[in-house]
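Read the structure below first, then the notes.
Number of protein chains: 4
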Amino acid sequence: MARILLTGFAPFNNETTNPSWQAVRQFEGKLSNNGSPIFVAELPCEFHRATEELVSLIERHQCDIVLCVGQAGGRAEISLERVAINMDDARIPDNRGQQPIDRPIEAHGQAAYFSTLPIKAIVHCLRQSGIPAHVSNTAGTYVCNHLFYGLMHYAARNEQIWRAGFIHIPYLPEQAIAHPGAPSMSLDTLVSALDKAIETCLEQGQDLHFADGTLS
Amino acid sequence: MARILLTGFAPFNNETTNPSWQAVRQFEGKLSNNGSPIFVAELPCEFHRATEELVSLIERHQCDIVLCVGQAGGRAEISLERVAINMDDARIPDNRGQQPIDRPIEAHGQAAYFSTLPIKAIVHCLRQSGIPAHVSNTAGTYVCNHLFYGLMHYAARNEQIWRAGFIHIPYLPEQAIAHPGAPSMSLDTLVSALDKAIETCLEQGQDLHFADGTLS
Amino acid sequence: MARILLTGFAPFNNETTNPSWQAVRQFEGKLSNNGSPIFVAELPCEFHRATEELVSLIERHQCDIVLCVGQAGGRAEISLERVAINMDDARIPDNRGQQPIDRPIEAHGQAAYFSTLPIKAIVHCLRQSGIPAHVSNTAGTYVCNHLFYGLMHYAARNEQIWRAGFIHIPYLPEQAIAHPGAPSMSLDTLVSALDKAIETCLEQGQDLHFADGTLS
Amino acid sequence: MARILLTGFAPFNNETTNPSWQAVRQFEGKLSNNGSPIFVAELPCEFHRATEELVSLIERHQCDIVLCVGQAGGRAEISLERVAINMDDARIPDNRGQQPIDRPIEAHGQAAYFSTLPIKAIVHCLRQSGIPAHVSNTAGTYVCNHLFYGLMHYAARNEQIWRAGFIHIPYLPEQAIAHPGAPSMSLDTLVSALDKAIETCLEQGQDLHFADGTLS
Chain A
23 MARILLTGFA PFNNETTNPS WQAVRQFEGK LSNNGSPIFV AELPCEFHRA TEELVSLIER
83 HQCDIVLCVG QAGGRAEISL ERVAINMDDA RIPDNRGQQP IDRPIEAHGQ AAYFSTLPIK
143 AIVHCLRQSG IPAHVSNTAG TYVCNHLFYG LMHYAARNEQ IWRAGFIHIP YLPEQAIAHP
203 GAPSMSLDTL VSALDKAIET CLEQGQDLHF ADGTLS
Chain B
23 MARILLTGFA PFNNETTNPS WQAVRQFEGK LSNNGSPIFV AELPCEFHRA TEELVSLIER
83 HQCDIVLCVG QAGGRAEISL ERVAINMDDA RIPDNRGQQP IDRPIEAHGQ AAYFSTLPIK
143 AIVHCLRQSG IPAHVSNTAG TYVCNHLFYG LMHYAARNEQ IWRAGFIHIP YLPEQAIAHP
203 GAPSMSLDTL VSALDKAIET CLEQGQDLHF ADGTLS
Chain C
23 MARILLTGFA PFNNETTNPS WQAVRQFEGK LSNNGSPIFV AELPCEFHRA TEELVSLIER
83 HQCDIVLCVG QAGGRAEISL ERVAINMDDA RIPDNRGQQP IDRPIEAHGQ AAYFSTLPIK
143 AIVHCLRQSG IPAHVSNTAG TYVCNHLFYG LMHYAARNEQ IWRAGFIHIP YLPEQAIAHP
203 GAPSMSLDTL VSALDKAIET CLEQGQDLHF ADGTLS
Chain D
23 MARILLTGFA PFNNETTNPS WQAVRQFEGK LSNNGSPIFV AELPCEFHRA TEELVSLIER
83 HQCDIVLCVG QAGGRAEISL ERVAINMDDA RIPDNRGQQP IDRPIEAHGQ AAYFSTLPIK
143 AIVHCLRQSG IPAHVSNTAG TYVCNHLFYG LMHYAARNEQ IWRAGFIHIP YLPEQAIAHP
203 GAPSMSLDTL VSALDKAIET CLEQGQDLHF ADGTLS
C-alpha cells in the first residue's frame, strides 16, 4: 500500500484562485483504487517556504509517492514535467515579496533532477482517456520549478520516496476570461487527469517510451 | 413563444467528430426555459448543400431564432461571430470535394451581413457564467462562413426570422490530442455555453454595448 | 501613368513608433518602376480625422492607386486585407480619446467593401520574393479598419480610383522587445514588401486566384 | 586573444536551408573587434556525429569560446539557452535516421549543465540594439540540446574553454512562407545578433542579473 501526497498552490500573480489547489482539494480524504490513502495540501506560493512545508508533509504522512501540481497559465495541455533545474529567476515577486534572480536553489545541488514519475505512461493514459497531455521540458524558473527541484533534491536523499514529480495544468475557464485568447481546462477534466496520473503511478512498473520530445 | 433552430456540422478535415454537432445534439427534444421548442440538426460540411438544408429546416419548423454552430480548431474561446462575408476561399476541399476559391457566395449579394444575435449580451452572459467568450470579426472563408452568409441572406428576406447568427467553438479535449498545443473545451462547457446563448437570445431586448473589438 | 498614394499611421497604444509610417516614409519622393509618382503621408491614429485627411490627400494629388498601411502587433506576416466592415469597436481610445463601440462607420453605408487591390497576386509576389504574406479576412474594428472602410466607401463613389486597399504589417524588431514572444519584421523587409505591392498593383491586370482562405 | 568557434547546423525536417548556418557562414574568415579569430563550421544534424565534429573542431582550432547556433522554428526571438539536459527524445528521425527516445546522452553524465555564456548580458545587449531576445529554459530534446549537452560535458573537462553555450534563432523569412503564421527574422538581424553575442562574450566579465525567467 502506497501513501500518496498531492499538493496544489495558493493563488498568485493577481489571481483569486489557483486551478492546482481547486483540483487537488477534490481528493481530500479519498483513497486510490487499491486503497492507498491520498493526502492533500495547499502550499504557499513562496520560495523556500513551499519546499519546507512540502518536506514536512512528506515526513508527517510518511508518503512514498509525491505529486506536486501547479498552474501554467497559457498552456493548453496537462504538462508532465520532465526536469527540475537548480535555478530561480523570478519574473515577478512571490506572495511574500521575494524575487530571486539567477540564484541556485541549492548552493551545492546538482544542476537538475529528472522526474521519477512514469511521465510517458501518464501522458499515454491521459490521451487514451481523451485528455490532452504532453511531456514538458521546462517547469519555468519560478516557485513551481523551485518546489519541484526541492522535492527531487529531498527525494534523492530519502529512499522511501518511490515516485516524485510535478504536473503543470492550464487555467480554469473562469480564470481564462481575464486572459483573452488563453486556453483553459474544466475542473472535471483536471480532476480526472490527476486521478489517472495517480492510478498510473500505482500500476505502472517501468515507464513507457514513445517519442514526445520537442525539436527546440 | 419562439421556435429555435440549432445546427451543428458533420466532421471534416480528417476529424471523426465535430464538437458543434456533439454539443447541439444534447438539445434534441428540449425546450428553452420559457417553453420554446428547440429543433436540432447536423448539417453536411458542404458548400451550398449546408445552406439548402438549413433553409429547408427553417421553413419546415417555422423557426424565428436560428443559431448555427461550427468548429474553430485552434481557438480557445466561444466565438460570437459578428459578420458574414460574401466570399468563399476554401483552403481544403469540402466533404463533397468542392473547393471554391475567391468566389462570391451570392453573385449579386451584398458584401456582408452582420449577425442579428445579441452577441455582446451573450459574451457578457457567458463570462458571468465563467465561460471564456469573445466577439470574433471573421468566421473564415470556408463552409462556416458560407452557411452564416447564406443564413443571413435568407433572413434578410424573411421577416419571421427575429434573430440569426453563428457561433464558433473550440475543439473537444479528445480532438485536441491530435493537434499538439491546441486549446480545447469540454462538452459540458460547450453545452452550457449554447444553453446560455439561447436563453440570452430569448430574454435580451437590445444588445449590450461594451468594448470587445480587436486592434487588428 | 498612375498616381500612387501610400499612407502610414502615427504611433498609438503607448508605442513611440509605428512601423507603417517608418516603412512608408522611405518612399517619399520616389517613383515606381514605370515612373509613376508615389505620394506618402502619415495619418493620425484617430477615427474620422484619419479618413478626412486621406480623402483630402487623394484629391489634392489626384491619385488612382491608394494603399493604406497599418501596424498589426502580434502578426508574423504581411497581411493583405480582404474586407473592410462598417463597424467601429475600439478596445482602447484612439489618440484623441475617442472610443466608439459597436457603431457603424457610415450610418447608411453598406455592411462591407472588398479590397480592389490584386491581393492574391501581391501575396504570390511577396512569397516568390521570400517574404511571408497572406490574405487576412479581418482588419479588426479599430482605426485601421475604420480608415480602410472610409477609403473603400469613398473609392466606390469616385471612378478615378482604380485600386484601393489596406495592408497590415508586423511590429519592427525594436518594438517587439516590449512584447515578449511577439513576431517582428525588419524595416528592410517591410519596405521591400511595400515596393513589391506597388509594382504588382501597376503590372497586374486581373487578380490571381489560389486558395489562401481560413477554415475559421 | 580569444579563439572563437561558431557553428551552425545543416538543414533538417524537410527544410532546404538552416538559418543557423546561413548566419554563421557570414563570419567565415572574420576577426572579432579585438582581433580574435572566428572559426566557423556547419555541423550535421545527427546525434553523436554533431558532437564528435564539434569536439574535433575545438581541438583543431584550440578554441576557448564556443558558440553553437541552431534553428528554433516557431520562436520569434533570439533564444539564449540557459541549460542543456542529459536526455534525447527525438520527435522525428535525425538526418541519418536515428531517433533516440528517452535516452541519456551520456550514460553516467550529470543531469544538466548550465551555459557558461553571459546569457543575460547578451540578452541585454541585443535588446539595446533593437533585437528581440530572451533567456530560454529549454533547448528541446533533439539534436540541438544533444550538441549543447555534449559541448558542456566536454567543456567541463577542459579548462581551456572559457565560455560555451547555445543560441536558438527563428526561421528566415523565406522559410516561414512554408509555415503559415510562423515568426521569422531577417538574415541581417541574425548576423547582427551573433556579432553582438560574440562581442559580449569577449567584453563581459561577470554576467548581468535581471529578471528574465518564466513562470512556467
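Protein chains in written order, with the working numbering: chain A, 23 to 238; chain B, 23 to 238; chain C, 23 to 238; chain D, 23 to 238.
Note that CB positions come from ideal geometry on N, CA and C, so glycine has one too.
| Item | Value |
| --- | --- |
| Whole-angstrom distance between C90 (chain D) and P66 (chain D), CA atom to CA atom | 12 Å |
| Reduced DSSP secondary structure (H/G/I, E/B, other) of F232 (chain A) | coil |
| Delimiting residues of the alpha helix (DSSP H) encompassing A143 (chain D) | I141 to Q150 |
| Proximity below 8 Å, CB of Q120 (chain B) to CB of E64 (chain B) | no |
| Beta-ladder partner(s) of Y193 (chain D), from DSSP | D:S206 |
| Contacts that F61 (chain A) makes with chain D (C-beta to C-beta distance below 7 Å) | Chain D residues near F61 (chain A): none, gap ~24 Å exceeds 7 Å. |
| Contact under 8 Å by Cβ, L102 (chain B) with T29 (chain B) | no |
| Listed by chain order, chain F residues near E196 (chain D) by CB distance under 7 Å | Absent here is chain F; the protein component of the structure consists of chains A, B, C and D. |
| DSSP three-state assignment for I220 (chain A), whether helix, strand or coil | helix |
| Proximal residues to K52 (chain D) (C-beta, below 8 Å), its chain only, five neighbours per side dropped | I60 |
| 7 Å CB neighbourhood of G149 (chain A) in its chain, flanking five on each side removed | Reading off the sequence, residue 149 (chain A) comes out as Arg, not Gly. Closer than 7 Å at Cβ, skipping near neighbours: A155. |
| Touching by the beta-carbon criterion (3+ pairs, under 8 Å), the segment 178-195 of chain B and the segment 203-210 of chain B | yes |
| Through-space distance from G152 (chain A) to G57 (chain D), alpha-carbon basis | 59 Å |
| Beta strand (DSSP E) segment containing Q102 (chain A), residue limits | In the sequence under discussion, the amino acid at residue 102 (chain A) is Leu, which differs from the Gln named in the question. Looking at the DSSP string, the run of the beta strand (DSSP E) that includes L102 (chain A) is I100 to E103. |
| Alpha-carbon spacing of A198 (chain D) relative to R179 (chain A), whole angstroms | 48 Å |
| Integer-rounded CB distance, given that S238 (chain B) should sit under 8 Å from G95 (chain C) | 7 Å |
| L224 (chain A) vs S42 (chain A) beta-carbon contact at 8 Å | no |
| Reduced DSSP category for Y135 (chain A) - H, G, I as helix; E, B as strand; rest coil | strand |
| Close beta carbons around R125 (chain C), own chain, < 7 Å, minus the five adjacent residues each side | D110 |
| DSSP-derived helix/strand/coil call for A42 (chain A) | As written in the sequence, residue 42 (chain A) is Ser, which differs from the Ala given in the question. Helix at S42 (chain A). |
| Length of the line joining the Cα atoms of N159 (chain C) and I141 (chain D) | 40 Å |
| Beta-ladder partner(s) of L53 (chain D), from DSSP | D:P59 |
| Nearest residue (CA-CA) to E99 (chain D), options D:Q226, D:L173 and D:L212 | D:L212 |
| Proximal residues, the segment 129-141 of chain D versus chain A, C-beta separation under 8 Å | Q132, A133, A134, Y135 and F136 |
| Inter-residue spacing [alpha-carbon to alpha-carbon] between I114 (chain B) and H231 (chain D) | 50 Å |
| Pick from C:T73, C:R25, C:A24 and C:V46 that is closest to L173 (chain C), judged by C-alpha positions | C:T73 |
| Straight-line gap, R104 (chain B) to I26 (chain B) (C-alpha atoms, nearest Å) | 20 Å |
| Expected contact under 8 Å - CB spacing of A134 (chain A) and A112 (chain D) to nearest Å | Contact flag wrong, Cβ pair sits at about 20 Å. |
| For H201 (chain B), the three-state DSSP class (helix, strand or coil) | coil |
| Interface positions of the segment 42-73 of chain A facing chain D (Cβ-Cβ less than 7 Å), listed along the chain | none |
| Within-8 Å CB hit, D217 (chain D) to chain C | no |
| Below-8 Å beta-carbon distance, T236 (chain A) vs any chain D residue | yes |
| Straight-line Cα distance separating S78 (chain D) from D210 (chain B) | 59 Å |
| Bridge-paired residues (DSSP) for D111 (chain B) | B:I123 |
| Closest by C-alpha distance to I214 (chain D), when choosing among D:Q44, D:R118, D:Q84 and D:E196 | Reading off the sequence, residue 214 (chain D) comes out as Ser, not Ile. Of the listed residues, the one whose Cα sits closest to S214 (chain D) is D:Q44. |
| Supposed close pair W184 (chain C), I80 (chain C) - CB separation, criterion 8 Å | The pair is not a contact, with the Cβ atoms about 12 Å apart (cut-off 8 Å). |
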